[in-house]
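A.B. asks: Take this structure, written in structure tokens, and hold onto it; I'll ask about it next.
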Amino acid sequence: DQEQVLNWALQVCDVLTYLHNQKPPVIFRDMKPDNLILRHDGRLMVIDFGIAKVFEQGQRGTMIGTEGYSPPEQYRGVADPRGDLYALAATLHHLLTNRDPRLEPPFTFHERPIQLFNSGISPEFQTVVTKALAYDLNDRYNSAAEMGEALSRVLPGRRSLTASLGGPAINAVPQDVVPKWTFRCEDEVRSSPRVVDGVLYIGSYDHN
1 DQEQVLNWAL QVCDVLTYLH NQKPPVIFRD MKPDNLILRH DGRLMVIDFG IAKVFEQGQR
61 GTMIGTEGYS PPEQYRGVAD PRGDLYALAA TLHHLLTNRD PRLEPPFTFH ERPIQLFNSG
121 ISPEFQTVVT KALAYDLNDR YNSAAEMGEA LSRVLPGRRS LTASLGGPAI NAVPQDVVPK
181 WTFRCEDEVR SSPRVVDGVL YIGSYDHN
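Read left to right, the sequence shown gives residues 1 to 208 (my numbering).
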């Protein structure tokens with residue numbers, strides 16, 4: 001389902017934005033369905049940081065990862081944050097088509113467009129995934145935050161959470177929505193929102 005997978009994709013982009021914004025950046029290097037856990041509240045957890053690597057420009061290392069999901073440069077021992085975007089896109093392709101990339105010839109996603117297997121996927125969503133799957137890392141999105149912004153435009157009203165994880169701020173209110181009231185917090189808003197009987201509850205540090 002497009003909306004469900006889009007929601008998961010935005011969550012993973014938030015995690016990658018957090019990792020890649022560390023000083024120095026942390027590259028996960030093994031994004032795949034097996035390393036994602038879906039919690040009961042609908043949130044995803046990224047697990048197994050056993051081969052995560054601190055990024056150093058131009059540094060090479062041992063080829064490591066999972067065949068089918070790993071980007072081509074990783075086979076040459078190159079670790080780059082944009083490699084995580086490729087692996088995320090490969091994971092999304094798997095979720096949306098039910099075709100395991102480990103069973104297909106490597107780097108042939110362009111031969112298996114998502115809409116060929118899932119007609120419920122919009123051209124916009126397919127375009128985002130295809131761009132992130134580019135063979136040349138310079139043809140992909142420059143960052144997880146940029147990919148998250150592109151994903152957020154696929155369905156109106158869906159926004160990434162990268163602003164809370166050190167990424168660029170994203171306006172979470174559609175332009176045609178007028179708030180009934182506003183207030184200024186003394187501190188940041190940080191909580192786990194809950195919906196009870198159709199009402200959304202969000203807490204903040206100063207108890208407003």
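Don't be surprised by glycine CBs; every beta carbon is placed ideally from N, CA and C.
The structure presented is a predicted model; accordingly, all values stated were derived computationally and were not measured.
(1) Could you name the residues of the same chain whose beta carbon sits closer than 8 Å to that of R43, not counting the 5 residues immediately before and after it, in chain order?
(2) Quick check on the burial criterion: 16 or more other C-beta atoms within 10 angstroms. Buried or exposed for N118?
(3) Give a yes or no on contact between the stretch 114-131 and the stretch 2-10, applying the rule of three or more CB pairs nearer than 8 Å.
(4) Considering Cα atoms alone, identify which of V78, G148 and A132 is closest to L6.
(5) Using C-beta distances below 7 Å, list every residue in its chain close to P72, excluding the 5 sequence neighbours before and after it, in chain order.
(6) Can you tell which of H20, M45 and Q115 has its C-alpha closest to the C-alpha of L96?
(7) If you follow the beta strand (DSSP E) that L201 is part of, which residue opens it and which one closes it?
(8) Tell me whether H40 is buried or exposed, calling it buried when 16 or more other Cβ atoms sit within 10 Å of its Cβ.
(9) Relative to the alpha-carbon of E104, which residue among A90, H93 and G68 has its alpha-carbon at the smallest distance?
(10) Cα separation between F109 and G83?
(11) Between T130 and L16, what straight-line distance do the alpha-carbon atoms span, to the nearest angstrom?
(12) Of all the options L19, L200 and V199, which has the alpha carbon lying nearest to the alpha carbon of F49?
(13) For G29 and A79, which I take to be in contact (beta-carbon distance under 8 Å), what is that distance rounded to the nearest angstrom?
(14) By DSSP, does I64 sit in helix, in strand, or in coil?
(15) What residue from Y75, F183, L92 and P25 has the CA that sits closest to M31's CA?
(16) Output the boundary residues of the beta strand (DSSP E) element that contains M31.
(17) I need the DSSP call for E3, collapsed to helix, strand or coil.
(18) Between T66, D176, P24 and R153, which lies nearest to P33 when the distance is taken from Cα to Cα?
(19) Excluding the 5 residues preceding and the 5 following V178 in the sequence, name in chain order all residues of the same chain whose CB lies nearer than 6 Å to its CB.
(20) I need the boundaries of the alpha helix (DSSP H) containing I114, first residue and last residue.
C.D. replies: Reading off the structure:
(1) Counting from one through the sequence shown, the residue named residue 43 turns up at place 43. Excluding sequence neighbours, R43 sits near Q11.
(2) Translated into the one-based positions of the sequence shown, residue 118 becomes position 118. Classification of N118: buried, given that the 10 Å Cβ count is 16 or more.
(3) yes
(4) Locating residue 6 in the sequence shown gives position 6, where the first residue counts as 1. It is G148.
(5) By 1-based counting over the sequence shown, the position of residue 72 is 72. Excluding residues within five positions, the ones whose Cβ falls inside 7 Å are F107 and Y135.
(6) Translated into positions along the sequence shown, residue 96 becomes position 96. Comparing Cα positions, the closest option is Q115.
(7) Residue numbering aside, residue 201 sits at position 201 when the sequence shown is read from its first letter. Per the sequence shown, residue 201 should be read as Tyr rather than Leu. Per DSSP, Y201 belongs to the beta strand (DSSP E) from V199 to Y201.
(8) Indexing the sequence shown from 1 puts residue 40 at position 40. Exposed.
(9) Looking up residue 104 in the sequence shown gives position 104. It is G68 whose Cα lies nearest to the Cα of E104.
(10) Taking the sequence shown and counting its residues from 1, the one referred to as residue 109 is at position 109. Taking the sequence shown and counting its residues from 1, the one referred to as residue 83 is at position 83. In a straight line, the C-alpha of F109 is about 15 Å away from that of G83.
(11) The sequence position of residue 130 within the sequence shown is 130, counting from 1. The sequence position of residue 16 within the sequence shown is 16, counting from 1. Using only the alpha carbons, I get a separation of about 18 Å.
(12) Taking the sequence shown and counting its residues from 1, the one referred to as residue 49 is at position 49. Out of L19, L200 and V199, L19 has the C-alpha closest to the C-alpha of F49.
(13) The count along the sequence shown starts at 1 and reaches residue 29 at position 29. The count along the sequence shown starts at 1 and reaches residue 79 at position 79. A small fix is needed here, since residue 29 is Arg in this sequence, not Gly. About 6 Å; that satisfies the 8 Å criterion.
(14) Here residue 64 refers to the residue found at position 64 when the sequence shown is read from its first residue. Correct three-state label for I64: coil.
(15) Within the sequence shown, residue 31 is the residue found at index 31, counting from 1. The residue with the shortest Cα to Cα distance from M31 is L92.
(16) Mapped onto the sequence shown, residue 31 falls at position 31. No beta strand (DSSP E) contains M31, which DSSP labels as neither H nor E.
(17) Taking the sequence shown and counting its residues from 1, one reaches residue 3 at position 3. Note: E3 maps to helix in three-state DSSP.
(18) For the purposes of this step, residue 33 is taken as residue 33 along the sequence shown, with counting starting at 1. Residue T66 is the option with its Cα nearest to P33.
(19) The sequence position of residue 178 within the sequence shown is 178, counting from 1. Cβ within range, chain order: n/a, list empty.
(20) The residue given as residue 114 occupies position 114 in the sequence shown. I114 to F117 is the extent of the alpha helix (DSSP H) around I114.
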